[in-house]
Amino acid sequence: MKLLFINQYYWPDMAATSQMMTDLCPRLVRAGHEVHVLCSLGQYDDGTGTPGSPTPKYELKDGVHIHRVKATGFGKKSMFGRVIDYLSFHLIVGLHTLLTGWKYGAIITLTTPPLIGLYATFVKWLTGTKHVCWVMDLHPDCEFELGVFKRDAILPRFFDFLNGLHFRHADRCVVLGSCMADRLRNKKVKDCRLIQIPVWGHELDEADPAPLREELGLTGKTVIMYSGNAGLIHTFDALCDAALQLRDNDQYVFLFVGGGKRIDQIKAFAQEHELANIIVRGYFPREQLAQSLRLADAHLITLRDGMEGVAVPCKLYGIMAASKPCIFIGPQNCETAQTISQYDAGDIIKTDDVTKLIQTIESLGQDTERWEQRGQNAYKGYHAEFNADHCAHLWFNVIYEIDPNLSRH
């Protein structure tokens, strides 16, 4: 089948949605499909926080036809810039999809930017082209939960109506877990259209983290690491309070690697209280990914209350692939908590339970055998459910379901 994926980001960008597509699309090519990707031309983010080299308008990589359109490239530093980027991408991609969408057997749209799938809905109505929504996050649900939008405001409600419209009319909606499926059911999406496929981690090279620990001055320390984007949907109040209460115990170090809107707040807290046990640094180079993930004794994942089903922190699956346990701070019934509990891959802490968080951190340093077992449990879970090959086969089944004339792989 001739497939078109639409998302703002694709290879070589390091955004999570880009990485998932970059894994899946070549596998679909190898399974016999003709795969095209429509994405933004702007300078990509190589994961270091600095823009990478400009990319060509057309490129053939791993059998995937990459079509990049020129939209604005203000980036994620301001809400205004992000909105302008979204609008310009919408305008260009919308026109392209309406004019050429009939050429494809199916169009798969992600949710960056929001509502981009509406154009595929129109193409489906006009030409019968199949449409699959790959739901990575939900807007304006996120803005409602953050208090950015009022639930009774006219424009956000209209935005929510349009979002539900294209979900309801898609042939399939691929969601990341049961909580997200519940959110779509609340938007009147039928169960027969909902398919749960998680995002996945990657098998890591064998890498000794000891040299990197030594380089960072962490030899002999118990390291609790947060790696990735520290955004508005995450919470760090309990962690900062725990670091403050553990300031006189130099065994424990809190290492933040990455960026995001909350990083400056964490830096400011550490400086205000003169906390030597909080270290903040930028992303490691890609070639040090395995080392960096393995240098932690446990990884931290957080999610604000109310965000269950709105977003799923995909960093969990990379952590599981690294055979490392997790400490999750957030809603007790979200996808992340369910996975950690299912595999006994770490501890789950309520958002404001600083006491339990400190007890968990102290047990990490005292009961190393138990936490090492949890790391092994995490890897077993990754190998069973959250590796790229397994999830790709679930995607093959999605394509088969919307066109039963295809042969299964």
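Numbered according to the working numbering, the sequence shown terminates at residue 416, and the numbering increases by one at each position without gaps. Built from N, CA and C at the ideal position, the CB exists for glycine as well. Keep in mind that this is a model prediction, so the values were computed, not measured.
Is residue i near residue j, with beta carbons less than 8 Å apart?
i    : j    : result
L246 : L307 : yes
I273 : I285 : yes
E342 : S185 : yes
D69  : P33  : yes
G325 : L300 : yes
V139 : D178 : yes
K197 : G171 : no
S330 : G382 : yes
P147 : F166 : yes
L125 : H173 : yes
W141 : I114 : no
T323 : T309 : Here residue 323 is Leu; the residue named in the question, Thr, does not match the sequence. Cβ atoms of L323 and T309: not closer than 8 Å.
L191 : L201 : yes
G316 : M187 : yes
V260 : L225 : yes
Tell me the rounded alpha-carbon separation between residue i and residue j.
i    : j    : result
A318 : A277 : 28 Å
K228 : F335 : 20 Å
V181 : S234 : 26 Å
G101 : S95  : 10 Å
L11  : P205 : 21 Å
D396 : A250 : 39 Å
I270 : I409 : 43 Å
A288 : N236 : The amino acid occupying residue 288 in the given sequence is Arg; Ala does not appear at that position. Between R288 and N236, the C-alpha separation is close to 12 Å.
Y16  : N256 : 43 Å
K64  : D312 : 41 Å
P320 : Y386 : 17 Å
V90  : L98  : 12 Å
V130 : T136 : 6 Å
H103 : N412 : 28 Å
N252 : N394 : First, the amino acid is wrong: residue 252 is Gln here, not Asn. C-alpha separation (whole angstroms): 38 Å.
T358 : F243 : 9 Å
G266 : M232 : 13 Å
P61  : G372 : 45 Å
R293 : T134 : 43 Å
E379 : D351 : 11 Å
C199 : A78  : 36 Å
F328 : D374 : It should be noted that the sequence gives Ala, not Phe, for residue 328. Cα to Cα, A328 sits roughly 22 Å from D374.
V230 : E222 : 14 Å
H390 : W18  : 25 Å
Q203 : E279 : 44 Å
R164 : L145 : 14 Å
W132 : G108 : 11 Å
E376 : H40  : 47 Å
V76  : N193 : 34 Å
T29  : N14  : 11 Å
E369 : A275 : 25 Å
Looking only at its own chain, which residues have a Cβ that is under 7 Å from the Cβ of residue i, when we skip the five neighbours before and after it?
i    : result
H416 : Note that H416 has pLDDT 48, beneath the 50 cutoff, so the model's placement of it is unreliable and the number below is only indicative. Excluding sequence neighbours, H416 sits near A38, F403.
R254 : L282, N284
F291 : V264, S299
Y111 : K9, L10, L11, T136
P332 : A305, A352, G353, W378, R381, G382, A385
A214 : A297, Q298, R301
G238 : G267, K268, R269
C398 : I204, P205, W207
Should residue i be counted as a contact of the ligand PLP given a C-beta to heavy atom distance under 7 Å?
i    : result
K157 : This structure does not include the ligand PLP; it has no bound ligands of any sort.
Apart from the five residues on each side of it in sequence, which residues of its chain come closer than 6 Å, Cβ to Cβ, to residue i?
i    : result
P216 : Q298, R301, L302
I406 : none
D354 : I334, T367
M143 : T24, L117, T118
V42  : L10, C32, L35, V36, V71
H176 : T128
D248 : V361
L262 : V230, M232, I286
E66  : I73
Grab me the residues of residue i's own chain with a C-beta within less than 8 Å of its C-beta, minus the 5 sequence neighbours each way, in chain order.
i    : result
M314 : C149, E152, I240, G337, P338, C341
Under 8 Å: do the stretch 114 to 129 and the stretch 154 to 163 share three or more Cβ pairs, one atom per stretch? no
Given 8 Å as the limit, is there contact between the stretch 160 to 177 and the stretch 41 to 50, that is, 3 or more CB pairs closer than that? They do not touch, by the three-pair rule.
For the stretch 364 to 382 against the stretch 195 to 211, do three or more pairs of beta-carbon atoms, one drawn from each stretch, fall closer than 8 Å, so that the two count as touching? no
In chain order, which continuous runs of the beta strand (DSSP E) of length 3 or greater are located wholly inside the stretch 305 to 370? 305 to 309, 333 to 336, 353 to 356
If we require 3 or more residues per run, which beta strand (DSSP E) segments fall completely within the stretch 133 to 157? 137 to 141
What are the uninterrupted segments assigned as beta strand (DSSP E) that are 3 or more residues long and contained completely in the stretch 210 to 244, given in chain order? Runs found: 229 to 236.
Secondary structure, alpha helix (DSSP H): runs of 4+ residues fully inside the stretch 366 to 407: 375 to 392
Could you tell me which whole alpha helix (DSSP H) segments of length 4 or greater appear in the stretch 86 to 111? 86 to 107
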